[in-house]
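Student: Have a look at the structure that comes next, please.
In my numbering, the protein residues as written are 10 to 140.
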């Protein structure tokens, strides 16, 4: 990928973090019940699958897996750092934020579990379906 693509993915990931941060105010989603957060997490995961499928299908087969890895990286690692800075340091939770804000922690893993297999499956399906 080009440098501009990396910068764009990083900016998009951080923009998503900012949007979710604003939506989570005043207590970064702590004001909602566990059941509500499970529902929201399921809806966000479904959104990741739909958007991921759209992106993967529009990407050339030879680039799908690489793009899926980079998307997973830029939508997990920088967001985990931002969450640590906000929850761990600013709010004073330290590394306990990983358990306290479990719904955030889940999304440090979910993009990897969705995007990479999706890219592989779509690539495999494309290869088999080709004449």
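Here a beta-carbon is modelled for each residue, glycine too, at the ideal position from N, C-alpha and C.
1. Measure the beta-carbon distance from residue 124 to residue 56 and round it to whole angstroms, keeping in mind my assumption that it falls under 8 Å.
2. From residue 36 to residue 43, what distance separates their C-alpha atoms?
3. How do the segment 18-26 and the segment 87-100 stand: do at least 3 beta-carbon pairs fall below 8 Å, yes or no?
4. Output needed for residue 115: all residues of its chain with C-beta closer than 8 Å, excluding positions within five of it in sequence on either side, in chain order.
5. Which whole-angstrom value is the C-beta distance of residue 79 and residue 10, which I expect to be below 8 Å?
6. By Cβ distance below 6 Å, which residues in the same chain neighbour residue 97 in space, the five residues on each side in sequence not counted?
7. Should residue 34 be labelled buried (16 or more other beta-carbon atoms within 10 Å of its own) or exposed?
8. Whose CA, out of 82, 81, 110, lies closest to the CA of residue 93?
Tutor: So, to answer that:
1. For the purposes of this step, residue 124 is taken as the residue at position 115 of the chain shown. For the purposes of this step, residue 56 is taken as the residue at position 47 of the chain shown. A Cβ-Cβ separation of about 13 Å leaves residue 124 out of contact with residue 56 under the 8 Å criterion.
2. Position 27 of the chain shown, counted from the start, is the residue given in the question as residue 36. Position 34 of the chain shown, counted from the start, is the residue given in the question as residue 43. Distance between the alpha carbons of residue 36 and residue 43 is about 14 Å.
3. yes
4. Numbered from 1 along the chain shown, position 106 holds the residue referred to as residue 115. Closer than 8 Å at the Cβ level, and outside the excluded window around residue 115, lie 50.
5. Numbered from 1 along the chain shown, position 70 holds the residue referred to as residue 79. Numbered from 1 along the chain shown, position 1 holds the residue referred to as residue 10. 6 Å between Cβ atoms; contact.
6. Locating residue 97 in the chain shown gives position 88, where the first residue counts as 1. Closer than 6 Å at the Cβ level, and outside the excluded window around residue 97, lie 103, 106.
7. Here the question's residue 34 lines up with position 25 in the chain shown. Its Cβ having fewer than 16 others within 10 Å, residue 34 is exposed.
8. Indexing the chain shown from 1 puts residue 93 at position 84. Out of 82, 81, 110, 110 has the C-alpha closest to the C-alpha of residue 93.
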